[in-house]
Structures are given as C-alpha cells and as structure tokens.
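Colleague: In terms of my numbering, the sequence shown opens at residue -5 and continues consecutively. Yeah, the Cβ is synthetic: ideal placement off N, Cα and C, and Gly gets one too.
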Amino acid sequence: MKQERIFKVLLGPHFSEKSAIVGDTNNQVVFKVTPDATKPEVKAAVEQLFKVKVAGVSVANVKGKTKRARHGMGKRSDWKKAYVRLEQGQEIDFAVVE
C-alpha cells in the first residue's frame, strides 16, 4: 500500500459510549475511515501508523440521520467506521503524543 493512501484511510478515532465498552471488553479500537476503505487497508494503516499488531478488522457503514431544521428537512452524511481488534498485550493510547 502506498504511503499517501495510509494517511487517507484513517480519518480519526471515534469516541462514544459503545466504543469505550468495546475497547474495555474486547481490546478493540474504533476509527472513522473513508467510505471506500477495505479491511486490509485499515489493518495495514493501523499497524504502520501505531506500530501495533492487529488481530482482526470489522467495518460498518453508518447511515446519516434525517434531521429537521428551520429550513426543512436535512440529512447528515453517511460514514464508515472500523472496529480494529488488537493482539493480546497491544494497546493504542491516544493521550500520549510522541
């Protein structure tokens, strides 16, 4: 995989209540990824950027919600998230800046 594609696949970590529960129980980290990202691309990007071993990747397409605003109905964008399961003993700490 090309180096520029690695930096474009991962858009950032996704922090929510569900991602915190999954992180504690299953040693997983949740990322927002580009809509055209594949599982092997996400795995390679995480392994190269964070220097960890990835055990598996699951992806989910999240449909944007329809919202009512004063100018009528609007729609949030669809997006994709990836659940990255790390090997035993591996950890990603987003609070530490290297």
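1. Going by alpha carbons, who is nearest to A31 out of D87, W73 and Q82?
2. Using CA atoms only, rank isn't needed, just tell me which of K33, R64 and F9 is closest to V53.
3. Assign E35 to one of two classes, buried (16 or more other C-beta atoms within 10 Å of its C-beta) or exposed (fewer than that).
4. Quick check: the Cα distance between R(-1) and L43, rounded to an integer number of angstroms?
5. Buried or exposed: which applies to A98, given that a residue is buried once 16 or more other Cβ atoms fall within 10 Å of its Cβ?
6. So, V46 versus L80, is the Cβ gap smaller than 8 Å?
7. Would you kindly report the start and end of the unbroken alpha helix (DSSP H) that includes Q(-3)?
8. Can you name the start and end residues of the beta strand (DSSP E) that F9 belongs to?
Modeller: According to the structure data:
1. W73
2. Among K33, R64 and F9, the Cα nearest to that of V53 belongs to K33.
3. Result: buried.
4. 12 Å
5. The chain is shown only over -5 to 92; residue 98 falls outside these bounds and no answer can be derived.
6. yes
7. Q(-3) to V3
8. Segment: none, F9 is in no beta strand (DSSP E) and carries neither H nor E.
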